[in-house]
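Structure first, then comments.
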Amino acid sequence: MKYFTAILLILTLIACNKEEEQKIKKPVVAKEKVVKEFGFILNDFKVEHDTIKSGDTFGGLLQEQGYDVAQVHNITQAIRDSFNLRDIRIGKPYTLLKNKKNPNNLEVFVYQADRLSYYVVDLRDSIAKAYKKTRPLSIKRRVIAATIEGSLAETINKAGAGPALTHELSEIYAWSIDFFKLQKGDKFAVTVNERFISDTVYAGVESIEAAVFETKGEKKYAFPFKQNPDAKRADYYDDEGKVLKSMFLKAPLKFSRITSRFSPKRFHPVQKRWKAHNGTDYAAPTGTPIMTTATGTVIEAGYSSGNGNYVKVRHNGTYTTQYLHMSKIKVRRGQHVQQGDVIGLVGSTGLATGPHVCYRFWKNGVQVDALKQRLPSSLPMEAKYKPQFMAQMEPLKKELDSIYNITFKN
981 MKYFTAILLI LTLIACNKEE EQKIKKPVVA KEKVVKEFGF ILNDFKVEHD
1031 TIKSGDTFGG LLQEQGYDVA QVHNITQAIR DSFNLRDIRI GKPYTLLKNK
1081 KNPNNLEVFV YQADRLSYYV VDLRDSIAKA YKKTRPLSIK RRVIAATIEG
1131 SLAETINKAG AGPALTHELS EIYAWSIDFF KLQKGDKFAV TVNERFISDT
1181 VYAGVESIEA AVFETKGEKK YAFPFKQNPD AKRADYYDDE GKVLKSMFLK
1231 APLKFSRITS RFSPKRFHPV QKRWKAHNGT DYAAPTGTPI MTTATGTVIE
1281 AGYSSGNGNY VKVRHNGTYT TQYLHMSKIK VRRGQHVQQG DVIGLVGSTG
1331 LATGPHVCYR FWKNGVQVDA LKQRLPSSLP MEAKYKPQFM AQMEPLKKEL
1381 DSIYNITFKN
C-alpha cells in the first residue's frame, strides 16, 4: 500500500510538471497595435501612401484603381460642392484605403492639403461623399535657454525648436541686436508658445511672451505689449518700457556676415587700388532678399557700371540709404516702401567679386558709417500705459531670470 501511494504521488508530480511546461512553452501572440488616422482605424484596410505627381488628376487616380469613366463622372459630380478637385497640387500626399479582403476595391481616398487639414472622399456607399477635416491644434508653452554656438539658427535647432523661432527672434530684435555680430558664448532665453498638430507634430510659433539676449555683457529684454488693444500685432519693449523698434533696422539682410566695413582707405578687390569704401558689405547667397532698413520713397532704381543694379531710398530730410550689386531690383522709382519691404535680391552686378550687398548711409547729405550711428527710435510707450505694462511684464521677467540663472549658473 505504501509503495502504491508513493508511485501515485510521483505520477501526479510528473503530470503537474508537464502541465507547467506546456503553459510555459505556449506561444504568446502579440496584439496588433491599433493605428488611427484620418478618422479611420487603418488596421481595417490595406493602406497605400503616395504623393500627387505631375499629370495626376483625381479622376485619373480613380481610373488607375479600376473605376470607369462613367463612375468617375458620377463621383466627381457628387463631391464637387465639398471638394474642389482643381485645388489638388503636385507634391501633396494622399492615402488610399482599400478593402482588406479585396485589395482591388478602393473604399476611401484621403488628400492632405496641408499639415493641418485633409479631405476625405468616402466611396463605400453607392453615392460618394466628401468632407474636410482639421487636425486638432494644441499650444505648448516652454522656456528655452541656450548659449550661442555657431549661428542663432544652429543654436535654436540644437535646442529642439524650428526655424520659425529664429525668424521671430530676428524680427523682434531687428532694431537692437546685430545678428551678424553675435559671438560664441553669447546667451539667450525665450518664453515661447508653440503650435503642435495632434499634440505631436511641430507646427511653428504661436507667440513669444518674453525674451532676453546677453551679448557683450549686456542683457537686452523683450516683452510684447499693445498700447492699442485693436492693433494686429504687439510692439516689443525692454524691461523699462522702452520700445525696441527703431526707425532703422540694424542691417538690410536677416542673416549674413560683414565682409568689408566703412573705411576711408581700402584696397579695392576689382580695381586693384586703394580708395575709400563708403559703405558696409554684407555677403550672402545670390537671390537673398534685401530689405529697406527704414520707411521711405525710392528716389533711384537702376544700373551703373560701378554699382551694378542698385536702389536708393530717401527716408526723410535727414537720412538716405542705398543698396548696391543686386541681381534683381524689386521696386521702381517713386514707390513708397515700408521698413522691412524687399526691394531687391543679392547679386554681384557692377564692380563686385562675389554676391553681396553694399549698404550705404547718408546723414544730412554726407555718407557716414551706418554701424556707428545713434539712430532714432519709434514712438515711445505712452505714460498712461506704463503701469499696465509693468504689471504684465514683471512676473514674466522673474520667471525668465530664474531659468536663465539656473541654466547659466549666474
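Numbering (this note's numbering), first residue to last: 981 to 1390. C-beta: ideal position from N, C-alpha, C; glycine also.
8 angstroms CB neighbourhood of residue i in its chain, flanking five on each side removed
i	result
Asn-1173	Ile-1119, Lys-1120, Arg-1121, Val-1185, Glu-1186, Ser-1187, Ile-1188 and Glu-1189
Asp-1036	Ile-1068 and Ile-1070
Tyr-1384	Ala-1125, Lys-1167, Ala-1169, Val-1192 and Asn-1390
For residue i, three-class secondary structure by DSSP
i	result
Lys-1364	helix
Asn-1289	strand
Asp-1261	strand
Lys-1234	coil
Arg-1066	helix
Gly-1039	helix
His-1316	strand
Met-1370	helix
Phe-1228	coil
Leu-1117	strand
Glu-1129	coil
Lys-1310	coil
Lys-1200	strand
Phe-1242	Note on Phe-1242: pLDDT 42, under 50, position unreliable in the model; the coordinate value appears next. Coil.
Ser-1187	strand
Ala-1391	No answer is possible for residue 1391: it lies beyond the span of the chain, which begins at 981 and ends at 1390.
Arg-1253	At Arg-1253, the pLDDT of 46 sits below 50, so the modelled position is not reliable and the matter cannot be decided from this model.
Classification of residue i by the beta-carbon crowding that lies within 10 angstroms, buried from 16 upward
i	result
Ile-1323	buried
Ala-1050	exposed
Arg-1340	buried
Lys-1011	exposed
Asp-1219	buried
Pro-1375	exposed
Asp-1067	exposed
Ser-1156	buried
Pro-1232	buried
Gly-1259	buried
Ile-1152	buried
Tyr-1283	exposed
Gly-1046	exposed
Tyr-1299	buried
Phe-1388	exposed
Pro-1356	exposed
Euclidean distance between Cα positions of residue i and residue j
i	j	result
Lys-1200	Asp-1261	26 angstroms
Lys-1378	Gln-1372	11 angstroms
Phe-1063	Tyr-1091	10 angstroms
Asp-1030	Leu-1229	45 angstroms
Lys-1222	Ser-1150	18 angstroms
Val-1337	His-1305	6 angstroms
Asn-1289	Thr-1266	13 angstroms
Lys-1234	Phe-1159	8 angstroms
Lys-1212	Phe-1168	27 angstroms
Asp-1166	His-1295	33 angstroms
His-1147	Lys-1033	31 angstroms
Leu-1380	Gln-1347	41 angstroms
Pro-1204	Gln-1302	31 angstroms
Val-1170	Ala-1141	11 angstroms
Asp-1349	Asp-1215	28 angstroms
Val-1015	Gly-1040	29 angstroms
Tyr-1098	Lys-1113	6 angstroms
Ala-1274	Ser-1307	21 angstroms
Ala-1093	Ser-1382	42 angstroms
Pro-1143	Ser-1226	24 angstroms
Arg-1241	Leu-1096	Its pLDDT being 48, under 50, Arg-1241 is placed unreliably in this model, and the coordinates cannot settle the point.
Met-1271	Lys-1352	20 angstroms
Lys-1026	Pro-1083	7 angstroms
7 angstroms Cβ shell around residue i - same chain, five flanking residues per side excluded
i	result
Ser-1178	Arg-1115 and Pro-1116
Gly-1286	Gly-1330 and Leu-1331
Ala-1281	Val-1291, Ile-1309, Val-1311, Arg-1312 and Arg-1313
Asn-1085	Lys-1078 and Asn-1079
First through last residue of the beta strand (DSSP E) which encompasses residue i
i	result
Gly-1282	1276-1284
Lys-1079	Before going further, note that residue 1079 is Asn rather than Lys in the sequence given. That run of the beta strand (DSSP E) goes 1073-1079.
Leu-1325	1322-1326
Asn-1084	Premise fails: Asn-1084 is in no beta strand (DSSP E) and is neither H nor E.
Phe-1341	1336-1343
Gln-1347	1346-1348
Pro-1269	1269-1271
Endpoints, the alpha helix (DSSP H) within which residue i is located
i	result
Lys-1138	1132-1138
Gln-1057	1049-1059
Ala-1144	1143-1152
Cut-off 6 angstroms between Cβ atoms - residues of its own chain near residue i, not counting five sequence neighbours on either side
i	result
Lys-1013	none
Gln-1251	Confidence is the limiting factor: at Gln-1251 the pLDDT is only 43, short of 50, which leaves the residue's position unreliable, though a coordinate-based value still follows. Cβ neighbours of Gln-1251 beyond the five flanking positions: none.
Asp-1102	Val-1088 and Lys-1109
Glu-1028	Leu-1076
Ile-1136	Leu-1145 and Thr-1146
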